[in-house]
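*Asks:*
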Amino acid sequence: MDSIPGKAGGGAFDPVTFLQQPQTILRIVSWLFSIVIFGCIANEGYINRQNEMEQYCIFNRNQNACNYGVFMGSMAFLCCIAFLALDVYFPQISSVKDRKKAVLADIGVSAFWSFMWFVGFCFLANQWQVSKEEDNPLREGGDAARAAITFSFFSIFTWVCFSFIYYYFGQLRNKNCQIGIHQAVPPSASPTFSLSVLSNSAFILLLQ
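Per UniProt numbering, numbering through the sequence shown is continuous, rising by one, with the last residue being 208.
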């Protein structure tokens, strides 16, 4: 029976299975992207002219652009860690309502970060495009700026994929469970199996 990866019924934590799940891979990738974005801007996003002591942002001397990139990168980093911890703890959650809240929160946060990275990509790309050559004649930090813009763009899709995964696998599981929901549990089935089937069926119905 198909299930939402990492969001199935309870059980002991299996590190190998956990790391093979699509959302775990995407979350790690998003985590790495946030590190790249944060690191590029924090380390090489500020420069100064030879006759100036004060550093300024390489994105059109717009301090808000660098602040936005650093803030988003650091917050996305922490968010990925928090939801990775939730994914590890999720099999231990016995309440169907709590499982539903966790999944809906994951989908909502994923949609939020997709939007924020879209805004960030447009903002950074625009500020880099309108940057004046005389402000940075040697184009210092150019590679770092382009890397931050590129990985901001990629981050849009990694976060969008979270919502797609939960929706797709939820629909697939719902179709496969339609017959089983209305069938009586076989007498030979163990109480543990019966509880698992009923809980998973109720979980899918609540998500609809």
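Virtual Cβ for every residue (Gly too), placed ideally from N, Cα, C. Keep in mind it's a predicted model, so treat the numbers as computed, not measured.
Buried or exposed: Q23, going by 16 or more other Cβ atoms within 10 Å of its Cβ?
*Replies:* The residue labelled residue 23 in the question sits at position 23 within the sequence shown. Buried, since its Cβ has 16 or more Cβ neighbours within 10 Å.
*Asks:* When the Cα atoms are used, what is the spatial distance from C57 to D14?
*Replies:* Stepping through the sequence shown from its first residue, residue 57 is reached at position 57. Stepping through the sequence shown from its first residue, residue 14 is reached at position 14. So the alpha carbons of these two residues sit roughly 45 Å apart.
*Asks:* Should L19 be labelled buried (16 or more other beta-carbon atoms within 10 Å of its own) or exposed?
*Replies:* Taking the sequence shown and counting its residues from 1, the one referred to as residue 19 is at position 19. Exposed is the call here.
*Asks:* Pick helix, strand or coil for I47, following the three-state DSSP scheme.
*Replies:* In the sequence shown, the residue the question calls residue 47 occupies position 47. The answer is strand: DSSP assigns I47 an E or B state.
*Asks:* When burial is assigned at 16 or more other CB atoms within 10 Å of the CB, is C80 buried or exposed?
*Replies:* Here residue 80 corresponds to residue number 80 of the sequence shown, with the count starting at 1. Result: buried.
*Asks:* Here's a check: name, in chain order, each residue in its chain whose Cβ is nearer than 7 Å to the Cβ of F33, leaving out the five neighbours to either side.
*Replies:* Position 33 of the sequence shown, counted from the start, is the residue given in the question as residue 33. Contacts found: F151, F154, S155 and T158.
*Asks:* Find the nearest neighbour of I149 within the set V160, R139 and V119, judged by alpha-carbon distance.
*Replies:* The sequence position of residue 149 within the sequence shown is 149, counting from 1. For the residues V160, R139 and V119, the minimum Cα distance to I149 belongs to V119.
*Asks:* In whole angstroms, what separates the C-alpha of S95 from that of V29?
*Replies:* Taking the first residue of the sequence shown as 1, we reach residue 95 at position 95. Taking the first residue of the sequence shown as 1, we reach residue 29 at position 29. Using only the alpha carbons, I get a separation of about 30 Å.
*Asks:* Compute the Euclidean distance between the alpha carbons of N64 and Q92, then round it to the nearest angstrom.
*Replies:* Reading the sequence shown from its first residue, position 64 is the one you call residue 64. Reading the sequence shown from its first residue, position 92 is the one you call residue 92. Rounded to the nearest angstrom, the two C-alpha atoms are 42 Å apart.
*Asks:* Can you check whether the CB of N136 is closer than 8 Å to the CB of I47?
*Replies:* Your numbering for residue 47 matches position 47 in the sequence shown. Your numbering for residue 136 matches position 136 in the sequence shown. Contact flag set, yes.
*Asks:* By a C-beta neighbour count over all protein chains shown, 10 Å radius and 16 as the cutoff for buried, is F90 buried or exposed?
*Replies:* Numbered from 1 along the sequence shown, position 90 holds the residue referred to as residue 90. That one is buried.
*Asks:* With distances taken from CA atoms, which of L124, D98 and A85 is nearest C66?
*Replies:* Along the sequence shown, read from residue 1 onward, the residue named residue 66 stands at position 66. The option with the nearest alpha carbon to C66 is L124.
*Asks:* Which residue's Cα is closest to the Cα of A82: S163, R27 and N62?
*Replies:* Mapped onto the sequence shown, residue 82 falls at position 82. Minimum Cα distance to A82 is reached at R27.
*Asks:* Ignoring anything shorter than 4 residues or poking outside the UniProt domain "MARVEL" (18 to 171), list the alpha helix (DSSP H) runs there in chain order.
*Replies:* Here the runs fully enclosed are 22 to 44, 63 to 89 and 96 to 129.
*Asks:* Is it true that the CB of N51 sits closer than 8 Å to the CB of A144?
*Replies:* To locate residue 144, count along the sequence shown from 1; it is residue 144. To locate residue 51, count along the sequence shown from 1; it is residue 51. Going by C-beta atoms, A144 is not nearer than 8 Å to N51.
*Asks:* Taking its Cβ as the centre, do 16 or more other Cβ atoms sit within 10 Å of R139, making it buried, or is it exposed?
*Replies:* What you label residue 139 is simply residue 139 of the sequence shown in a count that begins at 1. Per the 10 Å Cβ criterion, exposed.
*Asks:* Check this for me: beta carbons of residue 282 and M72, under 8 Å apart or not?
*Replies:* Only positions 1 to 208 of the chain appear in this structure, which leaves residue 282 out of reach.
*Asks:* Given this structure, state the Cα-to-Cα distance separating I107 from E134, to the nearest angstrom.
*Replies:* For this step, residue 107 is matched to residue 107 along the sequence shown. For this step, residue 134 is matched to residue 134 along the sequence shown. Roughly 44 Å separates the two Cα atoms.
*Asks:* Suppose contacts are defined by Cβ-Cβ distances below 8 Å. Is W128 in contact with A76 by that definition?
*Replies:* Your numbering for residue 128 matches position 128 in the sequence shown. Your numbering for residue 76 matches position 76 in the sequence shown. Contact flag unset, no.
*Asks:* Out of curiosity, what's the CA-to-CA distance linking W31 and L78?
*Replies:* Sequence index remark: in the sequence shown, residue 31 carries index 31 (1-based). Sequence index remark: in the sequence shown, residue 78 carries index 78 (1-based). Distance between the alpha carbons of W31 and L78: 8 Å.
*Asks:* So, is C122 buried or exposed, given that buried needs 16 or more other C-beta atoms within 10 angstroms?
*Replies:* Working through the sequence shown from its first residue, we reach residue 122 at position 122. It counts as exposed.
*Asks:* Classify R49: buried if its beta carbon has 16 or more other beta carbons within 10 angstroms, exposed otherwise.
*Replies:* Along the sequence shown, read from residue 1 onward, the residue named residue 49 stands at position 49. Flag for R49 reads exposed.
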